[in-house]
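Q: Numbering (our numbering), first residue to last: 22 to 185. C-beta: ideal position from N, C-alpha, C; glycine also. Values in this document were obtained by computation on a predicted structure and should not be read as measured data.
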Amino acid sequence: MSSIQFNYFADEEGKRIIRKELLDYFGSLYVRTYWRNNKDILDYSIESITDFISFMDKRILFTSNREKKHIIEDEDRFVSKYVSPVVEYTPSKIRDEKVYVGGRLVYFAGNEFPEFKKEVLSLFRKLKKHCWKDKHWQGLWVFETIGDEATVFIPNRVVYLKRE
């Protein structure tokens, strides 16, 4: 199973850009909370940026409202993200002393939904236009709103990235 992902570092303005691009691109969104051990799974429809406020610092699954009928769940309502047209959103965070912790948008269903995959790829290209990357860390994107330099946490180390 292949996945496509967008790994990024964002400040609050960068998160606002993500919210805006998601709504501009998909229109309204269907959002599922992402709590593995909790039976209280919540689903929401998001129509505007203000609807996002309670979700932007949480890990969620989302899709466009038109694709939600294709979501496959088990008996506990846990979404099978490897065979459903959903994107997993993990937010970027800022730790002490302006150290950014990476966020991620990832689509796991590979070629199961080719039209949705094209939309996700296009969305990721749009988001990358708001970012830069360090020449040594090619798979990591830093939102321009952070500036031309960033101190980031990559598992097991803190790295200094610079726009080239």
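Let's test the definition: count the other Cβ atoms within 10 Å of the Cβ of H157 and tell me whether it reaches 16, buried, or not, exposed.
A: It is exposed - the Cβ of H157 has fewer than 16 other Cβ atoms within 10 Å.
Q: Would you mind working out which of I25, S105, F27 sits nearest Y51, comparing C-alpha positions?
A: Per the Cα distances, S105.
Q: Anyone know if the C-beta pair for F30 and E88 falls short of 7 Å?
A: Not a contact, by the Cβ cut-off of 7 Å.
Q: In three-state terms, what does DSSP make of R116?
A: Strand at R116.
Q: Give every residue of the same chain whose Cβ lies closer than 6 Å to the Cβ of E94, excluding the five residues on either side of it in the sequence, and list them in chain order.
A: Around E94: V100.
Q: Is Y121 closer than 7 Å to V179 when the C-beta atoms are compared?
A: Cβ distance not < 7 Å, so V179 and Y121 don't count as in contact.
Q: Starting from K147, trace the beta strand (DSSP E) in both directions and tell me its first and last residue.
A: Segment 135-149 is the alpha helix (DSSP H) holding K147; no beta strand (DSSP E) there.
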